[in-house]
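What the sequence shown shows, in full-length UniProt numbering, is residues 1 to 281, in sequence order. Input: a single structure, listed below in structure tokens.
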Amino acid sequence: MPFINPLPVPPVFQVKDPAVHGDEERYRCVEQILSAPDCYRVLGVTREANPDDIRRAYIKKSRICHPDKFVPAYPRATESFQLLSRAYETLSNPSAKLMYDLSKQKGPSTFVSTEDEHANDTLQRVLHQLFIEMMDGEFQTLRAFIHALNETNPGMHISEDAILQIELAFCKMRELLLSTHQYYKVVQFELMRLYELQHELRSLSYFSVWRRMQLSITICKVLLQLPIMINVESREKKQSQRQLGQADAEAIHGILGLRLESALRLAVTLLETGERYVTAW
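What follows is the structure, given as structure tokens:
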């Protein structure tokens with residue numbers, strides 16, 4: 001299948017997320033965090049929660065009440081996010097958790113928030129670890145799923161050439177994100193969403209065939225969206241800097257280039273077709 005003409009560059013594709021949280025829920029989440037009496041209530045977990053439960057709760061709430069979700073800026077959201085990150089740091093560290101539990105046994109205590117400028121550092125570190133875990137072997141799964149969709153859906157077909165281009169884009173994205181953290185902020189909410197989707201998929205019964213198919217297609221779509229977002233951001237960043245010389249090519253084409261971006265966009269469009277087909281059933 002030939003690639004679509006890379007010029008002009010279309011606007012960045014926005015992945016539809018039925019779980020997007022409304023303003024009312026975001027503000028309610030902020031107030032619940034700020035009024036929580038201890039770390040466990042801040043995260044919404046029990047004392048018996050394991051490390052994966054604690055991380056999942058942290059990511060879920062971060063996705064709802066992160067300060068970037070509020071326009072205009074909402075100072076209480078920033079405060080709640082700092083509190084959320086501090087609670088995660090406390091309960092995810094076995095030694096810190098033990099000390100915290102022992103201090104609470106000495107008598108009633110209040111979980112007091114103090115100013116913390118490193119809340120985003122905590123989130124970036126968690127997302128970095130998530131990315132490593134999710135990308136480890138993830139493209140092989142994506143490739144197998146694309147081949148399965150090609151065979152079962154005559155109306156959609158992603159060529160082998162396109163798959164090779166997508167694989168190249170993933171390798172470049174992986175290398176970029178592992179070598180620098182500058183683009184994590186661009187894809188942070190999609191990484192959180194991807195984590196939640198994968199968790200839901202793992203928790204489904206094997207008999208939930210259609211729901212498993214829906215989630216698999218959505219996961220593939222979100223995965224393909226990540227390098228698109230990074231390429232668009234890198235292109236816009238270079239264009240705004242108005243750099244000369246070799247930077248001109250990157251300013252026009254982005255880190256991945258328009259050919260790879262076009263292959264990714266084509267695959268996303270075809271996955272949407274498969275998604276509509278599965279949903280209709």
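We put the CB at the ideal spot given by N, CA and C, even for glycine.
Which residues in the same chain as residue 91 place their Cβ atom closer than 8 Å to its Cβ, once the five residues preceding and following it in sequence are excluded?
-> Your numbering for residue 91 matches position 91 in the sequence shown. Here the set comprises 39, 40, 43, 45, 49, 54, 97, 100.
What's the call for residue 131, buried or exposed, on a 16-neighbour Cβ count within 10 Å?
-> Walking along the sequence shown from the start, residue 131 turns up at place 131. It is buried - the Cβ of residue 131 has at least 16 other Cβ atoms within 10 Å.
Residue closest to residue 69, alpha-carbon to alpha-carbon, out of 265, 171, 186 = On the sequence shown, position 69 is the one that residue 69 refers to. Per the Cα distances, 186.
Tell me which same chain residues have a C-beta within less than 7 Å of the C-beta of residue 115, skipping the five on either side of it?
-> The sequence position of residue 115 within the sequence shown is 115, counting from 1. Below a pLDDT of 50, predicted positions are generally treated as unreliable, and residue 115, at 48, falls in that range; no measurement from the model is reported.
Is there contact between the stretch 58-76 and the stretch 208-217, where contact requires at least three CB pairs shorter than 8 Å?
-> Look at the beta carbons and you see the stretch 58-76 not touching the stretch 208-217: under three pairs across the two are nearer than 8 Å.
Rounded to a whole number of angstroms, what is the C-alpha to C-alpha distance between residue 265 and residue 144?
-> Translated into positions along the sequence shown, residue 265 becomes position 265. Translated into positions along the sequence shown, residue 144 becomes position 144. The alpha-carbon atoms of residue 265 and residue 144 are separated by roughly 19 Å.
Please name the residue, chosen from 63, 218, 238, 208, that lies closest to residue 84 on a Cα-to-Cα basis.
-> By one-based count along the sequence shown, residue 84 stands at place 84. Selected option, being the one with the closest Cα: 63.
What number of angstroms, rounded off, separates the C-alpha of residue 126 from the C-alpha of residue 135?
-> For the purposes of this step, residue 126 is identified with residue 126 of the sequence shown, where counting begins at 1. For the purposes of this step, residue 135 is identified with residue 135 of the sequence shown, where counting begins at 1. Cα-Cα distance, rounded: 14 Å.
Leaving out five residues on either side along the sequence, give the residues of the same chain with a beta carbon under 6 Å from the beta carbon of residue 235.
-> Your numbering for residue 235 matches position 235 in the sequence shown. 254.
Should residue 112 go down as buried or exposed, given a rule of 16 or more other Cβ atoms within 10 Å for buried?
-> Along the sequence shown, one-based indexing puts residue 112 at 112. Note that residue 112 scores a pLDDT of 48, beneath 50, so its modelled location is shaky; the value from the coordinates is reported in the next line. Residue 112 comes out exposed.
Between which two residues does the alpha helix (DSSP H) carrying residue 70 extend?
-> By 1-based counting over the sequence shown, the position of residue 70 is 70. Element bounds for residue 70: n/a, residue is neither H nor E.
Pull up the distance between the alpha-carbon of residue 141 and that of residue 59, whole angstroms please.
-> Residue numbering aside, residue 141 sits at position 141 when the sequence shown is read from its first letter. Residue numbering aside, residue 59 sits at position 59 when the sequence shown is read from its first letter. Rounded to whole angstroms, the gap between the alpha carbons of residue 141 and residue 59 is 24 Å.
Is residue 194 closer than 8 Å to residue 224 when the C-beta atoms are compared?
-> Here residue 224 corresponds to residue number 224 of the sequence shown, with the count starting at 1. Here residue 194 corresponds to residue number 194 of the sequence shown, with the count starting at 1. With a cutoff of 8 Å on beta-carbon distance, residue 224 and residue 194 are scored as not near each other.
Which ranges would you report for the alpha helix (DSSP H) in the stretch 160-206 if only whole runs of at least 4 residues count?
-> 160-179, 184-203
Based on Cα-Cα distance, which residue from 207, 219, 178 lies nearest to residue 196?
-> The residue you call residue 196 lines up with position 196 of the sequence shown. Per the Cα distances, 219.
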